[in-house]
Amino acid sequence: MSVRKILFSSEHVTEGHPDKLCDQVSDAVLDACLAVDPVAKVACETCTKTGMVMVFGEITCKGTIDYQKVVRDAVKDIGFDNGDKGLDYKSLNLLVAIEQQSPDIAQSMDKGWEDENLGAGDQGMMFGYATDETETLMPLSYELARQLAKKHRELRLNGELAWARPDAKTQVTIEYELDTRNGKQLLTPLRIEAILISTQHDEDVSNEQISKDLKEKVIKPVCPANLLDENTKYWLNPSGRFVIGGPQGDGGLTGRKIIVDTYGGWGAHGGGAFSGKDPSKVDRSAAYAARWVAKSLVAAGLAKRVLVQLAYAIGVADPLSIHVDSYGTGTVDDEKLLEIVNKNFKLRPYDIIKDLDLRRPIYYPTARFGHFGREDETKVGSFTWETPKKLVVE
């Protein structure tokens, strides 16, 4: 047991990253389905390459979906409006390969959405994490990487980074103090060790201008000055050139940014992606519930850090297991924390969907800049899982 310094890094991507583009298109399709049929069964994947977007998967929906409009509107909103950027919403080739949900899967959930014994849409384990190191109860390394990506988008859209294109990545390395004395794992952020930003840009801007603008307009407004020092390292477009980006630079696919979507490598991840999945898929809804539980415990002051795991079987309503780990930081032991969770939360799919009001078209905003530690900026009712529940402890 000791006190030592560690380095931990988290990354983020902007809305124009090809994998993130696919996440957003998949959730745009999901929202379109839920808008006309709140009990639609949706498992929509997206892939993209130069000048092409393909949506494929299984959808059972009572309404008619205009895939051409939904997909093109999403790509336009993301910012790909010219072939020079690698994709143009006006001229892209859209391929649609959608079938209905497998009857073998459907029969396992035939109890219906209004039945309290609605079975999970698949097996798997889902994790939720919370930490008191930031106001959002998210890891600092993740939160700073996210805020850098959001600032990039803000300045690209308002013209202050006129040379910037939609595709960018950020990464932040934090030096932490890790105190493992007395059976605890206490984390204290000390300083920023390194900042990395790689951004797609216009042909005619210099690397010097890119570096200057990123440091003055993106990094300084986001990163606390007290965490920056003379030893902080800056890697700004280290490849030297990033004109070709978006789907032209790399093929994109739904579900390949699951760490960006969650906690930046902190906590744990069960492997299941979120975007394009209706809330009967516990990959999504139970991960939201696990975050809700973890955040509620930390917000209540019951622990400084918490990891929650839920596990499910297809067609079975009750979770197979619930696990709580406070890293030794709890005001009570983990067994008592588990009792508090069981007393305050119903974690069957029916209850999660009902309590978090998940059968609504609220998912498109979640597909950019992370699913957790967010406010409902677009006012569509997203991020209900970010409101801590008042817990009955006794």
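The working numbering puts the sequence shown at residues 6 to 399. Note that CB positions come from ideal geometry on N, CA and C, so glycine has one too.
- Taking contact to mean at least 3 C-beta pairs separated by less than 8 Å, is the region 236–252 in contact with the region 195–203? Contact holds: three or more Cβ-Cβ distances are below 8 Å.
- Message: Can you tell me whether Thr69 is buried or exposed? The criterion is at least 16 other CB atoms within 10 Å of its CB, across all chains shown.
- Response: By 1-based counting over the sequence shown, the position of residue 69 is 64. Exposed is the call here.
- Is there at least one non-hydrogen atom of the ligand NAP closer than 6 Å to the beta-carbon of Ile83? As far as ligands go, the structure on display features none, and thus does not contain the ligand NAP.
- Query: Which term fits Pro229, buried or exposed, when burial requires 16 or more other beta carbons within 10 angstroms of its beta carbon?
  - Reply: For the purposes of this step, residue 229 is identified with residue 224 of the sequence shown, where counting begins at 1. Looking at its Cβ environment, which holds fewer than 16 other Cβ atoms inside 10 Å, Pro229 is exposed.
- Item | CB contact flag (Lys90, Gly272, <7 Å) | Along the sequence shown, one-based indexing puts residue 90 at 85. Along the sequence shown, one-based indexing puts residue 272 at 267. Against a cut-off of 7 Å, the Cβ pair of Gly272 and Lys90 comes out as no contact.
- If you draw a straight line from the C-alpha of Ala304 to the C-alpha of Tyr317, how long is it? Locating residue 304 in the sequence shown gives position 299, where the first residue counts as 1. Locating residue 317 in the sequence shown gives position 312, where the first residue counts as 1. When rounded, the distance between both Cα atoms is 26 Å.
- Query: From the DSSP output, which residues share a beta bridge with Ser14?
  - Reply: Counted from its first residue, the sequence shown places residue 14 at position 9. Ser14 is bridged to Thr178.
- How about the region 121–140 and the region 307–314: do they share at least three Cβ pairs that are nearer than 8 Å? Touching, yes.
- Query: Do Leu195 and Glu180 come within 7 Å of each other at the CB atom, strictly closer than that value?
  - Reply: Translated into the one-based positions of the sequence shown, residue 180 becomes position 175. Translated into the one-based positions of the sequence shown, residue 195 becomes position 190. Cβ atoms of Glu180 and Leu195: closer than 7 Å.
- Does DSSP put Ala48 in a helix, in a strand, or in coil? Counted from its first residue, the sequence shown places residue 48 at position 43. Three-state result, Ala48: strand.
- As assigned by DSSP and simplified to three states, the class of Trp271: Locating residue 271 in the sequence shown gives position 266, where the first residue counts as 1. If DSSP states are grouped into helix, strand and coil, Trp271 belongs with coil.
- Message: Give me the residue from Thr65, Cys49 and Asp172 with the minimum Cα distance to Met59.
- Response: As a working note, residue 59 is residue 54 in the sequence shown. For the residues Thr65, Cys49 and Asp172, the minimum Cα distance to Met59 belongs to Cys49.
- Close beta carbons around Thr178, own chain, < 6 Å, minus the five adjacent residues each side: Here the question's residue 178 lines up with position 173 in the sequence shown. Counting only Cβ-Cβ distances below 6 Å, and skipping sequence neighbours, we find Leu12, Ser14, Glu198 and Ala199.
- Message: Here's the rule I'm using: 16 or more other beta-carbon atoms within 10 Å means buried, otherwise exposed. How should Glu391 be labelled?
- Response: Against the sequence shown, residue 391 aligns to sequence position 386. Counting C-beta atoms within 10 angstroms of its own C-beta, Glu391 has 16 or more neighbours from the protein chains shown and is therefore classed as buried.
- Message: So for Lys282, helix, strand or coil by DSSP?
- Response: The residue labelled residue 282 in the question sits at position 277 within the sequence shown. Strand.
- Out of Ala372, Gly378, Ala102 and Glu63, point me to the one whose CA is closest to Cys27's CA. Walking along the sequence shown from the start, residue 27 turns up at place 22. When each option's Cα is compared against that of Cys27, the closest is Ala372.
- Message: Could you pull the DSSP bridge partners for Ala102 from this structure?
- Response: The residue labelled residue 102 in the question sits at position 97 within the sequence shown. Beta-bridge partners assigned by DSSP to Ala102: Phe61.
- Message: Please classify Ser290 as buried or exposed, where buried requires at least 16 other C-beta atoms within 10 Å of its C-beta.
- Response: Start at 1 with the first residue of the sequence shown, and residue 290 comes out as number 285. Answer is buried; the Cβ neighbour count reaches 16.
- Message: Considering only DSSP beta bridges, list what Ala135 is partnered with.
- Response: Numbered from its first residue, the sequence shown carries residue 135 at position 130. Answer by DSSP bridge pairing, in chain order: Val311.
- With DSSP as the reference, please indicate the residues paired to Asn87 in a beta bridge. Residue numbering aside, residue 87 sits at position 82 when the sequence shown is read from its first letter. Beta-bridge pairing links Asn87 to Leu92.
- Message: If you reduce the DSSP assignment to three classes, tell me which class Gly257 lands in.
- Response: In the sequence shown, counting from the first residue as 1, residue 257 sits at position 252. In the structure shown, Gly257 sits in a strand (DSSP, three-state: E or B).
- Cβ-based neighbour list, Arg77, same chain, cut-off 8 Å, excluding 5 preceding and 5 following: The residue labelled residue 77 in the question sits at position 72 within the sequence shown. Closer than 8 Å at the Cβ level, and outside the excluded window around Arg77, lie Tyr94, Lys95, Leu97 and Leu99.
- Message: Below 8 Å on the Cβ atoms is my contact criterion, and I expect Lys155 with Glu16 to pass it. Report the Cβ-Cβ distance as a whole number of Å.
- Response: Working through the sequence shown from its first residue, we reach residue 155 at position 150. Working through the sequence shown from its first residue, we reach residue 16 at position 11. Actually they do not touch by this definition, with Cβ atoms about 14 Å apart.
- Item | Neighbourhood of Trp168 by C-beta, 6 Å cutoff - its chain only, sequence neighbours within 5 removed | Here residue 168 corresponds to residue number 163 of the sequence shown, with the count starting at 1. These residues qualify, in order along the chain: His206, Asp207 and Val210.
- Query: Are Asp42 and Lys67 close, meaning C-beta to C-beta below 7 Å?
  - Reply: Locating residue 42 in the sequence shown gives position 37, counting from the first residue. Locating residue 67 in the sequence shown gives position 62, counting from the first residue. Lys67 sits close to Asp42, with the two beta carbons spaced by under 7 Å.
- Task: May I ask which residues mark the beginning and end of the beta strand (DSSP E) holding Pro194?
- Result: For the purposes of this step, residue 194 is taken as residue 189 along the sequence shown, with counting starting at 1. Counted as a single uninterrupted DSSP element, the beta strand (DSSP E) harbouring Pro194 occupies residues Leu191 to His206.
- Jot down the residue ranges of each uninterrupted beta strand (DSSP E) in the region 297–367, minimum 3 residues, whole runs only, in chain order. Secondary structure remark: continuous beta strand (DSSP E) runs of at least 3 residues inside the region 297–367, in chain order: 310–317 and 326–330.
- Item | Endpoints, alpha helix (DSSP H) assigned at Lys156 | As a first step, residue 156 is located in the sequence shown; it is residue number 151 there, counting from the start. Where Lys156 is concerned, the enclosing alpha helix (DSSP H) starts and stops at Leu145 to Asn163.
- State buried or exposed for Thr383, treating a residue as buried only when at least 16 other CB atoms are found within 10 Å of its CB. Numbered from its first residue, the sequence shown carries residue 383 at position 378. Here Thr383 is exposed: its Cβ has fewer than 16 other Cβ atoms, across all protein chains shown, within 10 Å.
- Item | Cβ-Cβ distance between Tyr369 and Ala125 below 7 Å | Position 364 of the sequence shown, counting from 1, holds the residue named residue 369. Position 120 of the sequence shown, counting from 1, holds the residue named residue 125. In terms of Cβ geometry, Tyr369 and Ala125 do not form a close pair [threshold 7 Å].
- When we look at the beta-carbon of Ser285 and count the other beta-carbons within 10 Å, is it buried (16 or more) or exposed? Walking along the sequence shown from the start, residue 285 turns up at place 280. So Ser285 counts as buried.
- Task: Using the DSSP secondary-structure output, state which residues sit across from Lys238 in a beta bridge.
- Result: As a working note, residue 238 is residue 233 in the sequence shown. The partner list for Lys238 (beta bridge, DSSP) reads Ala199.
- Which partner residues does Leu183 have in the DSSP bridge list? Counting from one through the sequence shown, the residue named residue 183 turns up at place 178. Answer is Arg9 and Leu192.
- Message: Cutting at 6 Å between CB atoms, please list the residues of its own chain near Val385, excluding the five before and the five after it.
- Response: Along the sequence shown, read from residue 1 onward, the residue named residue 385 stands at position 380. Only Ile367 meet the Cβ criterion.
- Message: For a quick check, are the C-beta atoms of Val44 and Tyr72 less than 7 Å apart?
- Response: For the purposes of this step, residue 44 is taken as residue 39 along the sequence shown, with counting starting at 1. For the purposes of this step, residue 72 is taken as residue 67 along the sequence shown, with counting starting at 1. It is not a contact, given that the beta carbons lie outside the stated cut-off.
- Message: Below 8 Å on the Cβ atoms is my contact criterion, and I expect Val8 with Glu182 to pass it. Report the Cβ-Cβ distance as a whole number of Å.
- Response: The residue given as residue 8 occupies position 3 in the sequence shown. The residue given as residue 182 occupies position 177 in the sequence shown. That belief holds up - the Cβ atoms of Val8 and Glu182 are roughly 6 Å apart, short of 8 Å.
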